[in-house]
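Residue numbers (mature numbering (1 follows the signal peptide of the UniProt record, and there is no 0)): -21 to -1, 1 to 247. C-beta atoms are modelled at their ideal positions from N, C-alpha and C, and glycine is treated no differently. Since the model is a prediction, treat every value here as computed from it, not as a measurement.
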């Protein structure tokens, strides 16, 4: 694209100063078609410039002739325009911001359905006394689940999905259930005696065999390419079931020997 024409007229005001007519535009690598003329009373220097990547420039304008009117300048170029890297701009564009073929990627909102291939690990579940309880007395169930970060790919981007446990729901196998903000703790960790109530314990009313379970609700958040964490609406639930608990009755009896001494004795 032609960006202008260099025109300079040097009037010789000092006698004896002269410039050879063969002088060239050496040292300038942005101007072409350079010309210098010396009439003895004035020097005309002309040339044309081009922007890198654009089409060739036009010729320079004329100098002053004996103090007359100034020569014509460069005309506005109505042809194609190019950016600083030589890329063709769309019609009417003067900057790279309106160049054709540019697009901005926007990551859509993530839903739980999008995270179907990302699954947090199931929680653990234990009871105390281990696998056994007494009718009418608290049986303590304890679960554990931790925050987990799972890397993968989503929508064509690298992503890390973080699952954080937010709630626990215990089902005791006899129709009763209880929700808690945590998985509970053992009697020893709580500093409590055995068979005392806890936030996750349950007193069974009848003897028998029961299958207890726990469901953990995880909240999810995602980070694309190491960016900020974005929360995902809703929760992901993971269940651990099939924990067997045997509930027995406790009876008091006076015996003369222990069960080790008499395995067939009452309650042995």
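Label residue i either buried or exposed according to how many other C-beta atoms from any shown protein chain fall within 10 Å of its C-beta, with 16 as the threshold for buried.
| i | result |
| --- | --- |
| residue 135 | exposed |
| residue 220 | exposed |
| residue 35 | The pLDDT assigned to residue 35 is 45, lower than 50, so where the model puts this residue is not dependable; a value taken from the coordinates is nonetheless given after this. Under this definition residue 35 is an exposed residue. |
| residue 119 | buried |
| residue 199 | buried |
| residue 104 | buried |
| residue 144 | buried |
| residue 45 | For residue 45, the predicted model reports a pLDDT of 43, less than 50, meaning its position is unreliable and no value from the coordinates is stated. |
| residue 170 | exposed |
| residue 172 | exposed |
Closest to residue i by CA distance: which of the options is it?
| i | options | result |
| --- | --- | --- |
| residue 146 | 224, 97 and 102 | 102 |
| residue 132 | 229, 94 and 240 | 94 |
| residue 86 | 137, 121 and 144 | 137 |
| residue 167 | 106, 243, 232 and 91 | 106 |
| residue 262 | 90, 238, 156 and 165 | This structure does not reach residue 262, given that the chain is present from -21 up to 247, and the question cannot be answered. |
| residue 108 | 141, 142 and 180 | 180 |
| residue 158 | 142, 185 and 121 | 121 |
| residue 229 | 91, 183 and 139 | 183 |
| residue 233 | 224, 92 and 247 | 247 |
| residue 185 | 224, 148, 165 and 218 | 224 |
| residue 88 | 172, 165 and 212 | 212 |
| residue 217 | 195, 242 and 90 | 195 |
Whole angstroms is fine: what's the gap from residue i's alpha carbon to residue j's?
| i | j | result |
| --- | --- | --- |
| residue 235 | residue 117 | 29 Å |
| residue 264 | residue 124 | Since the first and last residues shown for the chain are -21 and 247, residue 264 lies out of range. |
| residue 210 | residue 201 | 7 Å |
| residue 7 | residue 129 | With a pLDDT of 41 at residue 7, under the threshold of 50, the modelled position of this residue cannot be trusted; read the value that follows with caution. Rounded to the nearest angstrom, the two C-alpha atoms are 60 Å apart. |
| residue 141 | residue 197 | 9 Å |
| residue 160 | residue 215 | 15 Å |
| residue 245 | residue 139 | 60 Å |
| residue 148 | residue 222 | 14 Å |
Taking 7 Å as the cut-off, is the C-beta of residue i nearer than that to any heavy atom in the ligand NAP?
| i | result |
| --- | --- |
| residue 170 | In terms of ligand content, the structure shown is empty, and the ligand NAP therefore cannot be addressed. |
Contact the stretch 147 to 155 vs the stretch 178 to 189: 3+ CB pairs below 8 Å:
Taking 8 Å as the limit for Cβ pairs, the verdict is that the stretch 178 to 189 does touch the stretch 147 to 155.
Using 8 Å as the threshold, is the stretch 86 to 99 in touch with the stretch 107 to 118, meaning 3 or more CB pairs across them?
no
Across the stretch 202 to 212 and the stretch 170 to 188, are there enough close Cβ pairs to call them in contact, namely three or more that are closer than 8 Å?
no
Let me know the beta strand (DSSP E) ranges lying completely inside the stretch 161 to 205, each 3 residues or longer, listed in chain order.
180 to 182 and 187 to 203
Which runs of the beta strand (DSSP E) fall wholly inside the stretch 113 to 162 and span at least 3 residues, in chain order?
Listed in chain order, the beta strand (DSSP E) runs fully inside the stretch 113 to 162 are 117 to 123, 127 to 133, 136 to 150 and 156 to 159, counting runs of at least 3 residues.
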